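>
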Amino acid sequence: CRTIATPNVAVQSKGEVLASPPSNASKKAAVVLLDSQKELESQFQMGLELDQCLEECATLYFENHQLTDKITTIEAALASVQDQQAVLYREYIGQQQSFKAHKHQLDTQLAASQTIIDEQTIKLNR
Numbered sequence: 002c003r004t005i006a007t008p009n010v011a012v013q014s015k016g017e018v019l020a021s022p023p024s025n026a027s028k029k030a031a032v033v034l035l036d037s038q039k040e041l042e043s044q045f046q047m048g049l050e051l052d053q054c055l056e057e058c059a060t061l062y063f064e065n066h067q068l069t070d071k072i073t074t075i076e077a078a079l080a081s082v083q084d085q086q087a088v089l090y091r092e093y094i095g096q097q098q099s100f101k102a103h104k105h106q107l108d109t110q111l112a113a114s115q116t117i118i119d120e121q122t123i124k125l126n127r
């Protein structure tokens, strides 16, 4: 640790300020205890890493917000497609029922026509 003498105040590591010097030097100048150069560099590096993490967090937050907006848009489009699908399915069911009814009607007409043809064939052969 490096020490720096100051009048009437003593500063220790981590920014703690004491009213009097930590030693028993009553009439001596106050002493400031600084972290070693290695600890200061480590703290500085941690600060840089924290800053980088905060920037990354802000970037991810922005991307997350954009993706949330896209998801909202896509969900709205999906709901619209599902509504259209429901309408088309109802139309399909209606067309299918109409087809069955029309086919039944044509089958009935065919049977009636076949009966008439058979009757006419019998009359013709007499």
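Be aware that the sequence shown starts at 2, since it is given in my numbering, and climbs by one per residue. For every residue, glycine included, the Cβ atom is placed at its ideal position computed from N, Cα and C. Note that the structure is a prediction, hence the values are computed from the model and not measured.
Could you check whether the Cβ of Glu56 sits closer than 9 angstroms to any Cβ belonging to chain D?
Considering every chain present, this structure includes no chain D. It has just one protein chain.
> Using only the alpha-carbon positions, how far apart do Ile75 and His66 sit?
14 angstroms
> Does Arg127 come out as helix, strand or coil in the three-state DSSP assignment?
It is coil, neither helix nor strand.
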